Amino acid sequence: MNPLNLTPDASEALDREGFSRRHFLKGSGALIVGFSITSVAGRIGLETALAAQGAPAAAQPNPGQLDSWLAIGADGIVTAYTGKCELGQGLTTVQMQLVAEELSVPMQRVRLIQCDTSITPNQGTTSGAQSHQANFNKAGLAQAGATARQALLRLGSERLGVPAAQLIARDGAISVSGDASRRVTYAELVGGRTFQMLIDASAPRKHPKEWTVMGQPVARVDIPSLVTAQAEFVHNVRVPGMLHGRPVRPPAVGATLQGVDESSIAGMPGVVKVVTQKNYVGVVAEKPWQAIQAAARLKVSWSAGTGLPNNAQYYDYMRKQPSRDTLVVDSGDVDAKLKSAAEVVRATYMYPFQMHGSIGSSCAVADVQNDKTTVWAASQNVYALRGSTATLLGVAPDTVRVVFTRGSGCYGINGADAATFDAALMSKVVGKPVRVQLSRKDEMAWENYGLAFVVDQQVGLDAQGNIIAWDYEGWSASRGGRPGARPGNVASGFHMGFEPAPFQPLRPAPAPTEFVGDNNTAPSYVAGRVGDKQGGAGTVASERVLSHRIEAPFFNGPLRAPEQLQNTFAHESFMDEIAARVKADPVAYRLKHLSDPRLIDVVRSAAKTSAWETRPSPKPGNRRTGVASGHGFACVARDGGNGWVAMSADVDVNQDNGQVVVRRLTIAADAGPISNPNGIRNQLEGAALHGISRSLAEEVTWDDQKVTSFDWQTYRTLTLGSVMPAMQIVLMDRPDAAATGAGETSITAVAAAIGNAIFDATGVRLRQVPFTPERVKAALAARRT
Amino acid sequence: MPMISLNVNGRRHTLDLDPQTPLLYVLSDDLELKGPKFGCGMAQCGSCTVIADGKAIRSCSTPVGTVANAQITTLEGLGTPEKPHPIQQAFIEEQAAQCGFCLSGVVLTAKAYLDQNPKANETQIRQAMSGVLCRCFTHTRMVRAIMKYAQGRNA
Ligand code: FES
Ligand code: FES
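Protein sequences, first through last, are from chains B and V.
Start counting at 1 in the first sequence, then tack on 6, and there's your number in the numbering used here.
Just so we're aligned: 48 in the numbering used here is position 50 of the second sequence, and the numbers increase by one with no gaps anywhere.
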C-alpha cells in the first residue's frame, strides 16, 4: 500500500466527517473507494486516494478494461464507475440496480462514481434519453457487470474445484449449486485487487426473467438526502481560498465592449479584479454578494446590438433565410399524387424558441493553476467540457479534470457549460479558485434555447379519405449548441472571443442515402422508403420530407425531446385535422396508417386504458360558451424508434377567458424492459407535466435588441399551485427487447394531444404553441364570426 | 460593520455583516448551509425559502438585518436522512423529487402553511403553493406528499 500524504485541508475535512484512512486505502492499482463521494470530505478523500494510488490526475480510463468500470474492495464493497450522470432522473439508483443485478450483490454494497474525467470511462453526453441504452444493453456498465460475474465464476471454480456450470453467484459470493456451505466471497476472490482483463462482449447478461433487483420499483437512493438538504450540489462546492465571480453580460445581442470604467467600483468592499476579454466582462470578489453588487455598479460601455428580426413575424422571416437543407425521404411521386388526389389538406404549424429554465441558475467552480485545472460542473458531458475548457484556457486537455457535481434539473443544455467558462476564465486571471453562479437574467437571456420551428404540411387523400401522399416542409432555427470542442457554442465562450460552429447553407438538399428517423422530422405515417429499405412507422408510400435549417439570432441546443417535440406537434396535430376532415375517429384513423407494431400497441393500449370514446372530432353538442371539455390523442415512435408513446388528454377549455386545464392524461409507454417502474413513472409523469407547461405557457420573446423573457414573470411556467391532471400510466413490458429511452417520450406527444383536445372541445384548431389564454380567446373569437 | 446575531436551526451565530446582505448569502456562504438555494434572487421561485418565526420567507429577498432576532429553520434543520421530519418522510415515501433543487420552497412553504392552517383542503394548499416552482414538474407527487403530511398531522 502506498503511504498517504494528506493535505491539512483534506485531513481536517475527513476528520470532521469521521472518515479514517482505512476508508480509501483498500486498493492497489484500481481505485477502490469504500465511501460516498458526494460530500466534500468524500471529494477530497477521493482526490487523495487517487494521488495515493498513483493515478495521474488527468488519467483517462480505458473503457475496454474491466477495471475502468468496477472494483471490488476487501470488504466486498463494489465500486462502479459510470460516464452517465444523475440529472435528477434517478439514474444513480437504476445504475446501482444494474450493477447489483449483474454482479449478484445487494444494492447496499454498491457505490457509484459518476462522470469524473480522471476516473470514469468516457461515455459522452448524458442526454437524449440515451443512458438507458448505453449502459443497459450489451455495452457499458451492464457488460462490465456481466464480464465481472463471469470472471468471478471462473475464479470461484478454480478455488472450489467445481466446474463453473455448477456454481451460482449470489449475495456477493460464489457457491456450489445445492450446497450453500461450499462458498467463497467475491472479497476473498478479488477483494482489493484488480481484474486486469478486457471487457468480454460475449459475457452473458442476465435475462430480465432472472432479475431480482432490476425491474423492481426500488426507491431512489438520493431522495432522503435531497429532502433533508444533505446532498451536495455544485452550488454548494466550497474549496479553500475560493472567490466569487459575476459576469456582466452585454445589454443587447451583438453588442460589443467599448470600455470599462474600473473607477466606478473603486473602494467597494471585497472586490478583487475586473476581468475582461474581447466582449466579456466579469467581476471577482471575496463574497458572492460583493461580486453581485460590484457587477451591478460597474460602468461598462457597449455598442448598440446588431438588431434582431421582428418577433411577431419571425416564422415568415425563417422561410426567407439561407438554409441548410436535408431531404429525409423523397419517393419522387408526391407532386403527381397530390395532383391526382381527391382532396388535398394543408396546414402550417408554429413552435417557438423555449428555454430549459432550470430552477437553479447555473453554477460552476474552477480552480485554474499553472499545470493543473480542476472544474466542478453539472455538465451533461464532462469529457467534452474538459476539451472546450482546455481550448478556452489555452492549455493541454490532459491538464484539466472535470468533476461532475449534481445541479438543478437541466432538461438539456442549460447554462452549466457556459458558467464553467465564466468560472474558468476568472480563475485563470486571478489565480485562485472561482465560483460563479449566474443571475436569473443571465441564465434566461443567454441560455441555449430549444429550436423554433415552422412546418408546412400537406397530404393528398383518395376518394375514401385514405392518405395517399404526405409532403412535409419545415424550417428550424439554430445556432451554437453543445460546446463539444467549441467554447463559442455558448454565450460566455462567444463573448470571450470564440466562434460558434459555422453555419453552412446547403441547397438543394442531397438525395437521402438512408432513412433517418431522428428528430421525428418524418411523420409516423409514412413508409420511409429509401433505396430498398423501409424505415418509417407507417404505410404512406408517396412521401417527401424536406427540412431547412437556418441560423438563429440566439444560441440554441437540445431541450428535452429536441426537435422531436416540435415535429411531433406538427405531425400529430395534422393527423387529427385530417381525421376530422374525413369524419373519422382520430385513433382508428391513425391505426389505419401505421405499420410499426410497437407503436400500434401503445396506441391501442392508451385508447383502451383511457376508455377512449370512438367518434370523430369535434365533440357533438358542446356549447359555445362557458367551459367545454374534449379529448385528444397523439402518439409517436420517438426518433423513429427510441421509445414509443401514445397519449390521450382530456381538457377543459374556458371559452370565456381562454384558460385551458388538462384534467386527465393517459399514457402508454414502451421503453423496452422496465429497469425500474418507479423511476420510469416519475420520468413519464414529470416529462408530461413539463410538456403541459411548454404547451400552454412557455415562449421566448424579444424586442429589436434583446431577449425580453428573462425571469419567471416574463417567461411563464406552471407553478405548484396549477391544477395538474390525473395521470394514468401503462408500461408495456418488453423483456426481450433492447432498452430504449424513457425520459423524453411522454413530453413529445403532449402539445399535439392538448391541441387536439381543444379542437375536440371547441372546434377551434390551434396551430401555434403555446396555447395561451390570449391565443385561445382570439381563435374562439374568429370561430364566432 | 455591525455584528449581527442569527438563530439558525437552534444555533446562535454572531457575524460581522452588512445588514442589507440578503439572508440567503449568509446562510449558504457564511454558514455553508445547503438547504436554501439561489434560484432567482427575486422572490419568484421559492428555492431559497426558510422558515422564520413560523413563516415561510424568501431568504434571497430578505435583508439579514431584518431577521436578526428570528428563529430561522432551513430544510436541513427539519430532520436528517436517519430521522426525517414527518413532512420529509412523506416526500420520501411518495418519492416526490427529481433533481431536488426546489425542495426548500416546496417543503417549507407547505409546512409553514399547514402549521398555521391545519384544516386546509387541497384547493387551499394549492393556493398557498401557487408561488412555488418545480421545473422538473414533480407536482403530482409533491402535492400527494403534502396531502399525506396534512392528513397525518390531523390524525
Ligand atoms: S431564489 Fe428566492 S425566490 Fe427564487
Ligand atoms: S425536483 Fe427539480 S426543480 Fe423540483
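Every residue, glycine too, gets a C-beta built ideally from N, C-alpha and C.
The structure presented is a predicted model; accordingly, all values stated were derived computationally and were not measured.
- Sorting B/188, B/151, B/179, B/150 by C-alpha distance to the C-alpha of residue 167 of chain B places B/188 at the top.
- Relative to ligand 1, residue 56 of chain V has its C-beta within less than 8 Å of a heavy atom.
- In summary, residue 343 of chain B is buried, with 16 or more beta-carbon neighbours lying within 10 Å of its beta-carbon over all protein chains present.
- Look at residue 83 of chain V here: in three-state DSSP terms it is coil, with no helix or strand label.
- Cβ-Cβ separation between residue 98 of chain V and residue 237 of chain B: approximately 6 Å, consistent with a contact (criterion under 8 Å).
- The C-alpha of residue 710 of chain B lies about 18 Å from the C-alpha of residue 485 of chain B.
- In terms of Cβ geometry, residue 382 of chain B and residue 396 of chain B do not form a close pair [threshold 9 Å].
- The shortest C-alpha to C-alpha distance from residue 150 of chain V to any of V/112, V/10, V/80 is the one to V/112.
- For the 9 Å CB-CB criterion, residue 735 of chain B and residue 564 of chain B do not form a contact.
- When the beta-carbon positions are compared, residue 101 of chain V and residue 73 of chain V come within less than 9 Å of each other.
- Secondary structure at residue 356 of chain B: strand, using DSSP grouped into helix, strand and coil.
- Counting along the chain, the unbroken beta strand (DSSP E) around residue 5 of chain V starts and ends at 1 to 6.
- At a cut-off of 9 Å between C-beta atoms, residue 363 of chain B counts as an interface residue with respect to chain V.
- Remark: three or more beta-carbon pairs, one from each stretch, lie closer than 8 Å, so the segment 720 to 737 of chain B and the segment 662 to 669 of chain B are flagged as touching.
- Taking 3 residues as the minimum length, the beta strand (DSSP E) runs contained wholly in the segment 138 to 191 of chain B are 173 to 176, 179 to 182, 185 to 191, in order along the chain.
- Unbroken alpha helix (DSSP H) stretches of 4 residues or longer found wholly inside the segment 205 to 251 of chain B: 229 to 233, given in chain order.
- By the Cβ neighbour-count rule, residue 697 of chain B is buried, with 16 or more other Cβ atoms within 10 Å of its own.
- Of the candidates B/576, B/620, B/338, B/620 places its Cα closest to the Cα of residue 597 of chain B.
- Using a C-beta cut-off of 8 Å, the segment 97 to 117 of chain B makes contact with the segment 71 to 85 of chain B, since at least three inter-stretch Cβ pairs fall below that distance.
- The beta carbons of residue 294 of chain B and residue 250 of chain B sit about 4 Å from each other, so the pair counts as a contact at 8 Å.
- For the pair residue 62 of chain V and residue 12 of chain V, the Cα-to-Cα distance works out to about 12 Å.
- Residue 429 of chain B has its CB no nearer than 8 Å to any heavy atom of ligand 1.
- The three-state secondary structure of residue 64 of chain V, taken from DSSP, is helix.
- Annotation: the continuous beta strand (DSSP E) that includes residue 53 of chain V extends over 53 to 56.
- In this structure, B/606 is the residue among B/266, B/570, B/606, B/549 with its C-alpha nearest to the C-alpha of residue 674 of chain B.
- Residues of the segment 230 to 252 of chain B with a C-beta atom less than 9 Å from some C-beta of chain V are 230, 231, 232, 233, 234, 235, 236, 237, 238, 239, 241, 242, 244, 250, listed in chain order.
- Annotation: residue 577 of chain B is outside any beta strand (DSSP E); the continuous alpha helix (DSSP H) that includes it extends over 570 to 587.
- Residue 290 of chain B is bridged by DSSP to B/251, B/279.
- Not one heavy atom of ligand 2 falls within 8 Å of the beta-carbon of residue 421 of chain B.
- Shown here for residue 160 of chain B: same chain residues with a beta carbon closer than 8 Å to its own, the five before and five after excluded, namely 170 in chain order.
- Annotation: the continuous alpha helix (DSSP H) that includes residue 608 of chain B extends over 603 to 615.
- With a cutoff of 8 Å, residue 641 of chain B does not count as near ligand 1, since its C-beta is closer than that to no heavy atom of the ligand.
- By the beta-carbon neighbour count (other beta carbons within 10 angstroms, threshold 16), residue 101 of chain B is buried.
- For a cut-off of 8 Å, the C-beta gap from residue 457 of chain B to residue 482 of chain B is around 5 Å, short enough to register as a contact.
- Against chain B, the CB of residue 116 of chain V has no partner CB under 9 Å away; the residue lies outside that interface.
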